[in-house]
Amino acid sequence: MANYNPKSLKAEEFISHDEILKTLAYAEENKNNIELIDAILEKARPRKTDTGYHCEGLTHREASVLLACEMPDKIQKMYEIAEEIKLAFYGNRIVMFAPLYLSNYCVNGCLYCPYHLKNKTIPRKKLTQEEVRAEVIALQDMGHKRLAIEAGEDPVNNPIEYILDCIKTIYSVHHKNGDIRRVNVNIAATTVENYRKLKEAGIGTYILFQETYHKESYEVLHPTGPKHDYAYHTEAMDRAMEGGIDDVGLGVLFGLELYKYEFAGLLMHAEHLEAVHGVGPHTISVPRLKRADDIDPDAFDNGISDEIFTKIIACIRMAVPYTGMIISTRESEQVRAKALSVGISQISGASRTSVGGYTSEERPHDTEQFDVSDQRTLDEVVRWLMEMGFIPSFCTACYREGRTGDRFMTLCKNGQIQNCCHPNALMTLTEFLQDYATEETKQVGYNMIRKELEKIPNEKVKKIAMQHIEDIKNSNRRDFRF
Ligand code: SF4
Numbered sequence: 000m001a002n003y004n005p006k007s008l009k010a011e012e013f014i015s016h017d018e019i020l021k022t023l024a025y026a027e028e029n030k031n032n033i034e035l036i037d038a039i040l041e042k043a044r045p046r047k048t049d050t051g052y053h054c055e056g057l058t059h060r061e062a063s064v065l066l067a068c069e070m071p072d073k074i075q076k077m078y079e080i081a082e083e084i085k086l087a088f089y090g091n092r093i094v095m096f097a098p099l100y101l102s103n104y105c106v107n108g109c110l111y112c113p114y115h116l117k118n119k120t121i122p123r124k125k126l127t128q129e130e131v132r133a134e135v136i137a138l139q140d141m142g143h144k145r146l147a148i149e150a151g152e153d154p155v156n157n158p159i160e161y162i163l164d165c166i167k168t169i170y171s172v173h174h175k176n177g178d179i180r181r182v183n184v185n186i187a188a189t190t191v192e193n194y195r196k197l198k199e200a201g202i203g204t205y206i207l208f209q210e211t212y213h214k215e216s217y218e219v220l221h222p223t224g225p226k227h228d229y230a231y232h233t234e235a236m237d238r239a240m241e242g243g244i245d246d247v248g249l250g251v252l253f254g255l256e257l258y259k260y261e262f263a264g265l266l267m268h269a270e271h272l273e274a275v276h277g278v279g280p281h282t283i284s285v286p287r288l289k290r291a292d293d294i295d296p297d298a299f300d301n302g303i304s305d306e307i308f309t310k311i312i313a314c315i316r317m318a319v320p321y322t323g324m325i326i327s328t329r330e331s332e333q334v335r336a337k338a339l340s341v342g343i344s345q346i347s348g349a350s351r352t353s354v355g356g357y358t359s360e361e362r363p364h365d366t367e368q369f370d371v372s373d374q375r376t377l378d379e380v381v382r383w384l385m386e387m388g389f390i391p392s393f394c395t396a397c398y399r400e401g402r403t404g405d406r407f408m409t410l411c412k413n414g415q416i417q418n419c420c421h422p423n424a425l426m427t428l429t430e431f432l433q434d435y436a437t438e439e440t441k442q443v444g445y446n447m448i449r450k451e452l453e454k455i456p457n458e459k460v461k462k463i464a465m466q467h468i469e470d471i472k473n474s475n476r477r478d479f480r481f
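FYI, numbering that gives the first Met the number 0 numbers position 159 of the sequence shown as 158, with every residue one higher than the one before it.
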C-alpha cells in the first residue's frame with residue numbers, strides 16, 4: 000500500500016486510500032466528541048485582522064469529523080460558521096455563469112454519463128464554428144459574460160485544435176453590448192503541452208471533476224477509454240499547473256461512492272495542490288448524480304439526501320475558506336437557496352446541458368447530458384438572488400487584470416473584496432439590468448444597488464463606483480473595473 004504524501008506527484012500517494020480509511024475511522028470515533036468538535040469549529044471561524052479577515056481552514060481529518068457529527072446543534076453551528084466565512088471572503092456576491100456544450104462525441108465508457116461510447120440512442124452532435132457563434136449570441140442576449148465549455152473526450156472529433164478554435168470564436172463574438180469575458184474549460188485530462196495551449200488561448204479556470212477518488216470504483220465506473228487510467232486523470236491538475244494554468248477547479252460526482260470517502264479525497268486533493276503549487280483549487284463544484292438518457296441514478300446506491308448535501312457544502316466551506324464553490328442547475332431552486340447561504344459563491348443560470356441547446360426550441364433536448372432541475376430564465380434567477388439579498392455578479396475583472404492563482408487568493412485573504420469585487424459586482428449588475436433585464440428585475444436591482452453602494456468602506460472607491468454606475472445608466476460605457 001502506498002504511503003500518504005501530500006507533496007508526492009503520484010496519485011496513489013497524495014490520495015492515499017489508507018489515509019482516507021484512517022480518516023474515516025478517526026471521524027467515526029470522534030463524531031460525538033463534543034470537546035474536539037467545538038475546538039474544530041472554533042478553528043474554522045474567521046478572525047478579524049488589521050487588513051480584513053483570516054481563516055485557518057481545516058485539515059481533511061478535522062473536516063471529516065465535522066461531516067460525521069450528527070448532533071443537530073453542532074450542525075447548526077457549522078451552517079452559521081460557513082455563512083460567516085462566506086460573507087467574510089465573498090460578501091453577498093454570487094458569480095453567474097452558463098455551461099456551453101460543444102460536442103457530445105466521446106470515446107469513454109463512463110457508466111453514469113449518457114455520452115458514453117456505447118450509448119446508441121443519443122444523437123451525436125458537434126457544433127460548427129458558425130453554430131458556436133449562434134450559441135454565444137444567444138447566451139450574450141441573456142446577459143451571460145462567463146462560460147464553462149464542455150465536451151466529451153474524442154481525439155478525432157474533439158481534438159485540442161477544435162477546442163482552441165471554439166475558444167477563439169467565443170471570444171470574438173460581440174453582439175450588441177455583449178461579450179464573453181471569461182471562458183472556463185471542462186474537458187478531459189490531457190497533456191502539459193495541451194494545457195499550455197489552453198493557457199495561451201486565454202482560458203479562465205480549467206475544471207476537471209474527479210468523479211470518484213475511490214480507485215477501485217473509479218476503474219469499474221470507467222471500464223473503457225482513456226479515462227479508465229485513474230492516475231492520469233487524478234494527476235491532471237498537476238499537469239495543468241505545470242502548463243501554466245493558475246486556476247483549477249475540482250469536483251466529485253456525489254452519488255457514485257460513499258460521500259465521506261469522496262469528501263476526504265477531495266480535501267486531500269486540495270491540500271496536495273497547496274503543498275506542491277502553493278495555491279489550492281480556485282473552485283470546487285458539487286454535482287450530484289442525475290437522471291439522463293440511458294442513465295438511472297437509482298442504479299447507483301450512494302445517493303445523498305438534501306440535508307447531507309448541504310452539510311457537505313458547509314464543511315467544504317470551512318475547510319477551504321478561500322476557494323469558490325459552484326452549484327449547477329442540476330439542483331432545484333430550494334436546494335440552491337439553502338446551498339447559497341452555507342457557502343456557494345457561483346451558480347449557473349438558464350443552463351442548457353445539450354449540444355446546441357441555446358438556439359433550439361426543443362425541450363428537453365435530445366442531446367442533454369443530464370436533467371436540469373432549475374429551468375428558470377437568467378432574468379428570473381437574477382431577480383430571485385436579489386430578493387434573497389445576494390448580488391448577482393457578472394464581473395471577470397480578476398481574470399482580465401491577471402489576478403489569478405495566488406494573486407487572487409491574496410486579494411481575498413486581505414479582505415479587499417469589499418473595495419474591489421463588491422463595486423465591480425454592482426457595476427456589472429448595472430450593465431445587466433440596463434441591457435437585458437425585465438422592468439420588474441430592474442426595479443429590484445436598482446433598489447439593491449443603491450443600498451449596496453453605501454456598504455463600500457473606502458469613500459474614494461464608493462464615489463468612483465457611483466459615478467460609473469450613473470454613466471452606465473446614461474449609456475456612457477467605459478471599460479473600467481477596480
Ligand atoms: S463523463 Fe465525460 S468522458 Fe465520460 S462519457 Fe461523459 S462526456 Fe465522456
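Built from N, CA and C at the ideal position, the CB exists for glycine as well.
Check, Outcome
"Cβ neighbour criterion (16 or more within 10 Å) applied to T482", "What is shown of the chain runs 0 to 481, which leaves residue 482 out entirely."
"Sub-8 Å separation of F208 and P286 beta-carbons", "yes"
"Endpoints, the beta strand (DSSP E) within which G250 is located", "V247 to G250"
"Residues surrounding the ligand SF4 [beta-carbon distance to nearest heavy atom under 6 Å]", "C105, N107, C109, C112, Y114, H115, G151, E152, A187 and K226"
"Every unbroken alpha helix (DSSP H) inside the region 148 to 202 [4 residues or more]", "159 to 171 and 191 to 199"
"Member of I326, A137, D365 and A38 whose CA lies at the smallest distance from the CA of S372", "I326"
"Stretch pair the region 289 to 305 + the region 81 to 95: three plus CB contacts closer than 8 Å", "no"
"Close beta carbons around R60, own chain, < 7 Å, minus the five adjacent residues each side", "T22 and Y25"
"Alpha carbon of L272 to alpha carbon of A239, nearest angstrom", "11 Å"
"As assigned by DSSP and simplified to three states, the class of S340", "helix"
"Local conformation of E453 per DSSP, three classes", "coil"
"Range of the contiguous beta strand (DSSP E) that encloses V319", "From DSSP, V319 is part of no beta strand (DSSP E); its letter is neither H nor E."
"Three-pair Cβ contact test at 8 Å for the region 92 to 100 versus the region 148 to 161", "yes"
"Cβ separation of L252 and L288, assumed to be a contact under 8 Å, to the nearest whole Å", "6 Å"
"Buried or exposed by the 16-neighbour rule on C-beta atoms within 10 Å, applied to S171", "exposed"
"Spatial neighbours of E386 in its chain, beta-carbon cut-off 7 Å, leaving aside the 5 residues before and after", "V443"
"Rounded straight-line distance, which links the Cα of A396 to that of V380", "22 Å"
"The region 299 to 319 in contact with the region 428 to 447 per 3-pair CB rule at 8 Å", "no"
"Contiguous alpha helix (DSSP H) assignments of at least 4 residues, all confined to the region 61 to 89", "71 to 89"
"Check: T211 C-beta below 7 Å from any heavy atom of the ligand NAD", "This structure lacks the ligand NAD; the ligands present are the ligand SF4."
"Residue nearest to S331 in terms of C-alpha spacing, selected from A313, S63 and T309", "T309"
"CB of Y217 within 8 Å of CB of Y205, strictly", "no"
"Beta-carbon proximity of G142 to L425, cut-off 8 Å", "no"
"Nearest to R181 (by Cα), restricted to the options H467, F393 and L452", "F393"
"Coarse secondary structure for V380, derived from DSSP in three states", "helix"
"Test item: CB-CB of K124 and N103 under 8 Å", "yes"
"Beta carbon of V106 nearer than 8 Å to that of D153", "yes"
"Continuous beta strand (DSSP E) stretch holding A97: start and end", "R92 to S102"
"Those residues which DSSP pairs with E210 across a bridge", "V251"
"Opposing strand residues paired with R238 [DSSP bridges]", "DSSP lists no partner for R238."
"Exposed unless 16 or more other CB atoms sit within 10 angstroms - verdict on N2", "exposed"
"P391 - containing beta strand (DSSP E), residue span", "I390 to S392"
"Proximity below 8 Å, CB of K30 to CB of V64", "yes"
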